[in-house]
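Peer 1: Before I ask anything, here is the structure I am working with.
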Amino acid sequence: MSAVEPPPAAAGGTGAGSEPPPGAGGPGPRALARQRRRRAAAAFWRAYAANPAGVAGLAGLLLFILVALSAPLFVDTADLSVTRAPGSPYQPPSAEYPLGTDNFGRSVLDLVVWGSRVSLTVGFLATLVSVALGALIGVVAGHFGGWTGTVLMRVTDWFLVLPTLVLAIALATVLDRSVFTVILAIGITAWPTTARLVRAQTLAVEARPYIERARALGGGHWHIMGRHVLPNVMPLVLAQTTLMVASSIIAESTLAFLGLGDPTTISWGGILQDARNAGAVSSGVWWYLLPPGLAIALVALAFTLCGRALEGVLNPRLRERR
Amino acid sequence: MLGSVVSLLAVMLTGFFLFRILPGDPVRTMTQGRAVTVEQLAELRRQFGLDKPLPQQFLDYCLGLLRFDLGTSFQYRAPVAELIAERLWPTVLLVGTGTVIAAMLGLWLGTRAAWRRGSVTDRLSTGVALTLWSVPTFWLGLILIVVFAGGLGGVLPHLFPTGGMASPGVTGFLPGVLDVAHHMVLPVTTMVAVVYAQYLLIMRSSLLDEMGGDYLVTARAKGLRDALVLRRHAVPNALLPTVTLIFLNLGGVVAGAILVEAVFSWPGLGMLFYEALRVPDLPLVQGLFIFFSASVIFMNLLADLVYPLLDPRVRT
Chain E
1 MSAVEPPPAA
11 AGGTGAGSEP
21 PPGAGGPGPR
31 ALARQRRRRA
41 AAAFWRAYAA
51 NPAGVAGLAG
61 LLLFILVALS
71 APLFVDTADL
81 SVTRAPGSPY
91 QPPSAEYPLG
101 TDNFGRSVLD
111 LVVWGSRVSL
121 TVGFLATLVS
131 VALGALIGVV
141 AGHFGGWTGT
151 VLMRVTDWFL
161 VLPTLVLAIA
171 LATVLDRSVF
181 TVILAIGITA
191 WPTTARLVRA
201 QTLAVEARPY
211 IERARALGGG
221 HWHIMGRHVL
231 PNVMPLVLAQ
241 TTLMVASSII
251 AESTLAFLGL
261 GDPTTISWGG
271 ILQDARNAGA
281 VSSGVWWYLL
291 PPGLAIALVA
301 LAFTLCGRAL
311 EGVLNPRLRE
321 RR
Chain D
1 MLGSVVSLLA
11 VMLTGFFLFR
21 ILPGDPVRTM
31 TQGRAVTVEQ
41 LAELRRQFGL
51 DKPLPQQFLD
61 YCLGLLRFDL
71 GTSFQYRAPV
81 AELIAERLWP
91 TVLLVGTGTV
101 IAAMLGLWLG
111 TRAAWRRGSV
121 TDRLSTGVAL
131 TLWSVPTFWL
141 GLILIVVFAG
151 GLGGVLPHLF
161 PTGGMASPGV
171 TGFLPGVLDV
181 AHHMVLPVTT
191 MVAVVYAQYL
201 LIMRSSLLDE
211 MGGDYLVTAR
221 AKGLRDALVL
231 RRHAVPNALL
241 PTVTLIFLNL
251 GGVVAGAILV
261 EAVFSWPGLG
271 MLFYEALRVP
281 DLPLVQGLFI
291 FFSASVIFMN
301 LLADLVYPLL
311 DPRVRT
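Line order of the protein sequences matches chains E and D. Going letter by letter, the first sequence gives residues 1 to 322 in the numbering used here. Going letter by letter, the second sequence gives residues 1 to 316 in the numbering used here.
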């Protein structure tokens, strides 16, 4: 906590900007709010940087995102086609092909680099779907309580109990094979944890006096949920999101490995499925199997480390324990 | 109790919705990529009762479930319930062994990590657990096969079989048991490696919650040794939330079983599921979906019933 608290005029935000600041010549309320935010961000970063594992995770994450974004610069998509592969099949790692070649003669390094694009995209989008769904249901259930809340929480509990992967597989089996299906299948099955967390946090926030003030001033349900509850719940949701991207990426690779992904795209799970179908396991072609799995594990680990570090900073209950 | 019944009903509804309504035409989904005539499609529709109106289909489906009739497999031409019963025991054996080992390992390591928080042991075991947790189950299985069963392309001896549950030509009780155990080593290792991490982390954090307890100060003040304080006072209290979570995590264990069985060709329910969704054999996928969900709900009910026996405080 910073020692200097900004004047209360900066709080709220809606409509407060029209009044002139009390101390003439001092910074306006918006400038003060900006200052306060900058201070809070700096304090947040200091707390985060105190966790070396979290910093390492963040660095790894940025590296992977950079590679995925810049992949078209050093991978030629023509080299990834099965029919016009540049090398001969199953070459062990060499100077030309640092990670060897697959059963068609494609460079495994190129495949893994290119695969990061689909894997990361699906991981992020599926997380977005599930977190948005979870946050919405959690806030609504916590805010309204009563019948609505009970019914919503029963549905959540029921989804929580169901084996996630089984449901995702069932969904992916009956729908068409596409990237969109995979995103939907993961997103729809992964939201209940977020919903529970958000609901608990919503209940805690709603007990605070300023919510009562907002209600007394005539704030409607959506105003209170959107402007007061959600901003206070967001930090925890952020930590949860980071953790969930890791599991979404693993789930994507799992579905692709089971043959439920989009057969026309290259993803890490899809590469492993191809490798297994081509008999790489029995012939011991380790350079075809090792890199995609390592990539999945490293990305998932990076996200997990970031998420745990964020949680440690944002959740005061965990702060002392670590 | 009532909650479980409601959950089961919800599973029934979802099963119907997922496999009869969502695909539009289930027979088209099942026969995709094959050359079929219109007559064959009509015949298949009649066979699966899809030519009847939806409410009638739903009624048939519910009545069938009450009689444990899950329909007929498209691929095996056999009742789904029979197939499930046939493949149940290998899965129970694999999952049971894996869960027991993973739980014991996780609880033990988690206890040690929490009791000496911040030590090298703590940081090492938490780090290893998090790393293994990030590894996809199926990939770990593939790598284990390459290294220990495939001999890394002839560098290492072939220590374990690459898959299956038993070798042909093994007779007698003791050799049979040993053979199955030999086949189980790699699948169980894979399951334990991926699952134990969460038990470790749960046990660690719930023991850390207990560490500040006044009763531990009392226990120390009356002169108990450190090991006794841990074993008799801290661990029993920390175990309670952990046991609940172990039951709640069974859904994840089912997922692990599907992947491990698919990779190691272990002839259980997971393997059956994998074979069914490749076709896709919708009646079989549907039956397994209902079976997996129902068994997880049943396990949770069991946890609710066992919990009061462990913790007298919730006995109201």
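Quick reminder that beta carbons are idealized off the backbone N, C-alpha and C, glycines included.
Could you check whether the Cβ of L272/E sits closer than 8 angstroms to any Cβ belonging to chain D?
Peer 2: Counted from its first residue, the first sequence places residue 272/E at position 272. Taking Cβ atoms only, chain D reaches closer than 8 angstroms to L272/E, which makes this a yes.
Peer 1: Using CA coordinates, which residue listed in A31/E, Y90/E, L111/E, R46/E is at the minimum distance from I266/E?
Peer 2: In the first sequence, the residue the question calls residue 266/E occupies position 266. Residue L111/E is the option with its Cα nearest to I266/E.
Peer 1: Shorter than 8 angstroms from the beta carbon of T150/E to some beta carbon of chain D?
Peer 2: The residue you call residue 150/E lines up with position 150 of the first sequence. Cβ-Cβ to chain D under 8 angstroms: no for T150/E.
Peer 1: For the region 182–250 of chain E, list the alpha helix (DSSP H) runs that are entirely contained and at least 4 residues long, ordered along the chain.
Peer 2: Segments of the alpha helix (DSSP H) lying fully in the region 182–250 of chain E: 192–206, 209–216.
Peer 1: By Cβ distance, which residues of its chain are closer than 6 angstroms to L99/E, with the 5 residues on each side in sequence left out?
Peer 2: To locate residue 99/E, count along the first sequence from 1; it is residue 99. Within the same chain, L99/E has close Cβ partners P93, V108, L109, W287, P291.
Peer 1: According to DSSP, which residues form a beta bridge with P79/D?
Peer 2: Counted from its first residue, the second sequence places residue 79/D at position 79. Its beta-bridge partners are T72/D.
Peer 1: Ends of the alpha helix (DSSP H) at F124/E?
Peer 2: Translated into the one-based positions of the first sequence, residue 124/E becomes position 124. Where F124/E is concerned, the enclosing alpha helix (DSSP H) stretches over 108–144.
Peer 1: Between T111/D and chain E, is the shortest Cβ-Cβ distance under 8 angstroms, so that the two count as touching?
Peer 2: Position 111 of the second sequence, counting from 1, holds the residue named residue 111/D. With 8 angstroms as the cut-off, T111/D does not count as an interface residue toward chain E.
Peer 1: Starting from V51/D, trace the alpha helix (DSSP H) both ways and give me its first and last residue.
Peer 2: Counting from one through the second sequence, the residue named residue 51/D turns up at place 51. Reading the sequence as shown, one finds Asp at residue 51/D and not Val. Taken as a continuous stretch (DSSP letters only), D51/D belongs to no alpha helix (DSSP H), as it is neither H nor E.
Peer 1: When you compare each of L144/D, W115/D, L282/D to A227/D by their alpha carbons, which one comes out closest?
Peer 2: Here the question's residue 227/D lines up with position 227 in the second sequence. For A227/D, the nearest C-alpha among the options comes from W115/D.
Peer 1: Consider the Cβ of A10/E: report whether some Cβ of chain D lies at a distance smaller than 8 angstroms.
Peer 2: Counting from one through the first sequence, the residue named residue 10/E turns up at place 10. Residue placement at A10/E is poorly supported in this model, since its pLDDT is 39, which falls under 50; the coordinates still yield a value, given next. No, no contact with chain D.
Peer 1: Any beta carbon from chain D within less than 8 angstroms of A300/E's own beta carbon?
Peer 2: If you number the first sequence from 1, residue 300/E lands on position 300. It does: the Cβ of A300/E has a partner Cβ on chain D nearer than 8 angstroms.
Peer 1: I want to verify the contact list: residues of chain E whose CB lies under 7 angstroms from the CB of L130/D, in sequence order.
Peer 2: As a first step, residue 130/D is located in the second sequence; it is residue number 130 there, counting from the start. Result: L301, T304.
Peer 1: Along the chain, where does the alpha helix (DSSP H) that runs through W286/E open and close?
Peer 2: Indexing the first sequence from 1 puts residue 286/E at position 286. Its alpha helix (DSSP H) spans residues 286–314.
Peer 1: Using only alpha-carbon positions, find the residue among L66/D, F16/D, F74/D that is nearest to P55/D.
Peer 2: Within the second sequence, residue 55/D is the residue found at index 55, counting from 1. Per the Cα distances, F16/D.
Peer 1: When the Cα atoms are used, what is the spatial distance from L13/D to Y48/E?
Peer 2: Against the second sequence, residue 13/D aligns to sequence position 13. Against the first sequence, residue 48/E aligns to sequence position 48. Using only the alpha carbons, I get a separation of about 46 angstroms.
Peer 1: Any beta carbon from chain E within less than 8 angstroms of L99/D's own beta carbon?
Peer 2: Walking along the second sequence from the start, residue 99/D turns up at place 99. This sequence places Thr at residue 99/D; Leu is not what is there. No, its Cβ sits nowhere closer than 8 angstroms to a Cβ of chain E.
Peer 1: How many angstroms separate the CA atom of P29/E from the CA atom of F64/E?
Peer 2: Numbered from 1 along the first sequence, position 29 holds the residue referred to as residue 29/E. Numbered from 1 along the first sequence, position 64 holds the residue referred to as residue 64/E. If I take the Cα positions, the gap works out to 40 angstroms.
Peer 1: So what does DSSP say about T264/E, is it helix, strand or coil?
Peer 2: Sequence index remark: in the first sequence, residue 264/E carries index 264 (1-based). In the structure shown, T264/E sits in coil (DSSP, three-state: anything other than H, G, I, E or B).
Peer 1: If you follow the alpha helix (DSSP H) that E210/D is in, where does it begin and where does it stop?
Peer 2: Start at 1 with the first residue of the second sequence, and residue 210/D comes out as number 210. First-last of the alpha helix (DSSP H) with E210/D: 173–211.
Peer 1: Alpha carbons only, please: which of Q240/E, E311/E, A297/E, L314/E is nearest the one belonging to G60/E?
Peer 2: By 1-based counting over the first sequence, the position of residue 60/E is 60. Looking at the Cα atoms, A297/E is the closest of the given residues.
Peer 1: With a threshold of 16 other CB atoms inside 10 Å of the CB of Y61/D, please say whether the residue is buried or exposed.
Peer 2: Counting from one through the second sequence, the residue named residue 61/D turns up at place 61. Buried is the call here.
Peer 1: Strictly under 8 angstroms for the Cβ-Cβ distance: is S206/D near chain E by that measure?
Peer 2: Along the second sequence, read from residue 1 onward, the residue named residue 206/D stands at position 206. S206/D does not count as touching chain E.
Peer 1: Rounded to a whole number of angstroms, what is the C-alpha to C-alpha distance between T304/E and T126/D?
Peer 2: Locating residue 304/E in the first sequence gives position 304, where the first residue counts as 1. Locating residue 126/D in the second sequence gives position 126, where the first residue counts as 1. Between T304/E and T126/D, the C-alpha separation is close to 12 angstroms.
Peer 1: Does I246/D come within less than 8 angstroms of chain B when only Cβ atoms are used?
Peer 2: The chain inventory of the structure shown lacks chain B, comprising the protein chains E and D.
Peer 1: Since T101/E sits in a beta bridge, which residues does DSSP pair it with?
Peer 2: Residue 101/E sits at position 101 when you count from the first residue of the first sequence. Answer is S107/E.
Peer 1: Determine whether the beta carbon atoms of G256/D and M184/D lie at a separation below 8 angstroms.
Peer 2: Residue 256/D sits at position 256 when you count from the first residue of the second sequence. Residue 184/D sits at position 184 when you count from the first residue of the second sequence. Taking 8 angstroms as the Cβ cut-off, G256/D and M184/D do not qualify as a contacting pair.
Peer 1: To the nearest angstrom, how far is the alpha carbon of A185/E from that of A219/D?
Peer 2: As a first step, residue 185/E must be located in the first sequence, where it is residue number 185. As a first step, residue 219/D must be located in the second sequence, where it is residue number 219. Approximately 51 angstroms between the Cα atoms of the pair.
Peer 1: Measure how close the beta-carbons of D69/D and A85/D come, nearest whole angstrom, since I'm counting them as under 8 angstroms.
Peer 2: Here the question's residue 69/D lines up with position 69 in the second sequence. Here the question's residue 85/D lines up with position 85 in the second sequence. In fact, because the Cβ distance is near 13 angstroms, the residues do not count as touching under 8 angstroms.
Peer 1: At 7 angstroms on the CB atoms, spell out the chain E contacts of S7/D, in chain order.
Peer 2: Reading the second sequence from its first residue, position 7 is the one you call residue 7/D. Within 7 angstroms Cβ-Cβ: W158, V161.
Peer 1: Please confirm if the region 148–163 of chain E is in contact with the region 240–254 of chain E, defined as three or more CB-CB distances below 8 angstroms between the two stretches.
Peer 2: No, the region 148–163 of chain E does not touch the region 240–254 of chain E.
Peer 1: Express the C-alpha separation of L41/D and G372/D in angstroms, rounding to a whole number.
Peer 2: Look at the range of chain D in this structure, 1 to 316, and you will see that residue 372/D is not part of it.
Peer 1: Looking at C-alpha atoms only, which residue of A31/E, W268/E, G307/E, T264/E is the closest neighbour of R177/E?
Peer 2: If you number the first sequence from 1, residue 177/E lands on position 177. Nearest of A31/E, W268/E, G307/E, T264/E to R177/E, Cα basis: T264/E.
Peer 1: Hey, would you say A276/D sits closer than 8 angstroms to L259/D, going by beta carbons?
Peer 2: Along the second sequence, read from residue 1 onward, the residue named residue 276/D stands at position 276. Along the second sequence, read from residue 1 onward, the residue named residue 259/D stands at position 259. Not a contact, by the Cβ cut-off of 8 angstroms.
Peer 1: Assign T173/E to one of two classes, buried (16 or more other C-beta atoms within 10 Å of its C-beta) or exposed (fewer than that).
Peer 2: Residue numbering aside, residue 173/E sits at position 173 when the first sequence is read from its first letter. It counts as buried.
Peer 1: M165/D and W266/D look like a contact to me (Cβ under 8 angstroms); what is the Cβ gap, rounded to whole Å?
Peer 2: Working through the second sequence from its first residue, we reach residue 165/D at position 165. Working through the second sequence from its first residue, we reach residue 266/D at position 266. That belief holds up - the Cβ atoms of M165/D and W266/D are roughly 6 angstroms apart, short of 8 angstroms.
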